[in-house]
Amino acid sequence: MQQDILINWSPQETRVAVVEHGAVQELHIERTLERGLVGNIYLGKVARVLPGMQSAFIDIGLERAAFLHVADLWQRQPDGEAPLFARKGQPQVPIEKQVFDGQALMVQVIKEPIGTKGARLSTQISIAGRLLVFQPQDDHVGVSQKIPGAERDALRARLQALVGDKTTGGGGGFILRTNGEDSSDAELAEDIAYLRKTWALIKEAALKLPARSLLHQDLFLLQRVLRDLVGEQTQSIRIDSLEQFQRLHAFGQEFMPAAAGKLQHYKGERPIFDLYAIDEEVAKALGRRVDLKSGGYLIVDQTEALTTIDVNTGGFVGVRNFDDTIFKTNLEAAQAIARQLRLRNLGGIIIVDFIDMAQGGHQEAVLTEFRKQLARDRVKTMAGGFSQLGLVEMTRKRTRESLAHMLCEPCAACQGKGSVKTARSVCYDILREILREARQFNPREFRVVASARVIEQLLDEESQHLAGLIDFIGKPISLQAESAMGQEQYDIVLL
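This is the structure in structure tokens:
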């Protein structure tokens, strides 16, 4: 599909939208004070080894210690063969025999800190270039799986010859990226030399800098747009800042001339994101409900453990029969769900509850359409079939925060639950608490400080119960409304 990339730049934030046929498919945001960490290389310090979990906590200078699992430890065999964790059937060496407390360790961030979890690390270093991905600890030469199989062998042979050429340095493994498929030998050799030089600088810094130091930082979002998002299907890349356009154009001319040729400086009077109502799409992507064109809708609920998506027919009544109505709604939902996953950047375990279909052929058609739409995702996805309960289980690789986690925070009133106790429930909590404290203390008076709605409830519908409690404990109870308090908040003051 033909796509356009829109870039909205400001000193505090960069926003990138990928648009296909007028609809936003992806949204990438990078804030100046909250730059992503994936791809960064650090000289970490082992803070604690946990043999029971076969993992270790690594201090890389962040607020929370990062996490390293034994499966992400890169260790070569004494004879120089493949690393242990990459060889099937090999017994894994316990982590406590590979790392120790206080050890300095070169690590790379492979997953952003998410929620209460620290960053996920690997000791397998991988450096992305314009055409290639360099793995300095390996000697394998590979080609992207997205390149057709018929061309893969020929490309691998070309790359193998270039990697072995002494004029480009020596050592390390390379993987040809999808956008390097049509590159010349000179371009590939140039990228090989650049990546090996970058690795040499990283190793030099690791010898000079103390532990907890940043050795290498991945490109800014603007530069990653040219490296990761631009493809043959990209028609244009429009950016609304002249200064950033000039910088990005210079960067592109040096490293990615084909992508640089698609750059345009947007000079329109309307904000660039208004061209496709992108801000409205972002607002919708933060809500639970997603309306479908047919009248059906999705309900998206994101939790710590997984994300659930429920499909409903809503106002769609169809024109033929009930089975046909359900089938058409599910087909439309399959397309919408795949887009919402990309737009919201949802990852981890995802459970989709399509509307129950009586015909097996309909189930197969919906599943085929769903997998077809997921195949367009840049992020790795895997979807199973329909379970006995009629659910589709899938996973989507999670490397950074979802859109909701990036732009929102838990509600101060409900603490992220999505609901609060009724005023009546809070009134009964207060009455029970007063009775509990009256048995322990002997104050002159109890004063209740709560939200205006709770106080109003105590004075009106619950006044009889309040009067009964006053008679029972033999102490006066005064009420004070506090506008700054949430509905569940209250204080009982002993006077």
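Residue numbers (UniProt numbering): 1 to 495. We put the beta carbon where it would ideally sit given N, CA and C, even for glycine.
By the Cβ rule, the segment 124 to 133 counts as touching the segment 189 to 196, because three or more pairs are nearer than 8 Å.
CA-to-CA, the gap between K380 and K293 works out to about 28 Å.
The beta strand (DSSP E) runs of length 3 or more contained entirely in the segment 325 to 353 are, from start to end of the chain, 348 to 353.
Excluding the 5 residues flanking it on each side, P51 has same chain C-beta neighbours closer than 8 Å at P94, I95, E96, in chain order. Across the structure, A375 and L306 are spaced so that their CA atoms are roughly 21 Å apart. Between K417 and D291, the alpha-carbon positions lie close to 23 Å from each other. The DSSP assignment places 185 to 208 as complete runs of the alpha helix (DSSP H) inside the segment 165 to 222, in order along the chain (cut-off: 4 residues). The residue from H249, R247, A23, L346 with its alpha-carbon nearest to that of L286 is L346.
Taking the CA atoms as reference points, R436 sits about 23 Å from E482. Taking all protein chains in view, the Cβ of S183 is crowded by 16 or more other Cβ atoms within 10 Å, so the residue is classified as buried. Annotated three-state conformation of S122 is strand, per DSSP. Rounded to the nearest whole angstrom, the CA to CA distance from V163 to E304 is 44 Å. DSSP places S236 inside the beta strand (DSSP E), whose first and last residues are 234 to 239.
Here S126 is actually not in contact with Q145; their C-beta atoms are around 16 Å apart, not less than 8 Å.
CA-CA distance, A71 to Q223, rounds to 31 Å. Listed as beta-bridge partners of I7 by DSSP are V16, I239.
DSSP lists D301, I351 as the beta-bridge partner residues of T308.
A contact is defined here as three or more CB-CB pairs under 8 Å, and the segment 254 to 261 fails this definition with respect to the segment 35 to 50.
Sequence-distant partners of S213 (beyond 5 residues in either direction) whose C-beta falls short of 6 Å from its own C-beta, in its chain, are L43.
Per DSSP, F251 has no beta-bridge partner at all. In this model, V225 and L37 are separated by some 16 Å (Cα to Cα). Apart from the 5 residues on each side of it in sequence, M394 sits with its Cβ closer than 6 Å to the Cβ of I350, A383 in its chain, given in chain order. A distance below 7 Å between beta-carbons, with the five flanking residues on each side excluded, links P410 to the following residues of its chain, in chain order: G416. With respect to D138, G173 sits close: the two C-beta atoms are nearer than 8 Å. Under DSSP, the beta-bridge partners assigned to S55 are L50, H69.
The DSSP-derived three-state label of V426 is helix. Secondary structure note for S463: its alpha helix (DSSP H) is the uninterrupted segment 463 to 473.
Between the alpha carbons of L431 and L466 lies a gap of roughly 7 Å. Sixteen is the threshold: since fewer than 16 other Cβ atoms of the shown chains lie within 10 Å of the Cβ of L389, the residue is exposed.
By the neighbour-count criterion, in which a residue is buried when 16 or more other Cβ atoms sit within 10 angstroms of its Cβ, V493 is exposed. By the neighbour-count definition (other C-beta atoms within 10 Å, threshold 16), G252 is a buried residue.
In the same chain as F255, and ignoring 5 residues on each side of it, the C-beta atoms closer than 6 Å to its own belong to R130, in chain order.
When secondary structure is reduced to three states using DSSP, E34 falls in the coil class, being assigned neither helix nor strand. Taken atom to atom, the span from the alpha-carbon of L176 to that of R196 is near 15 Å.
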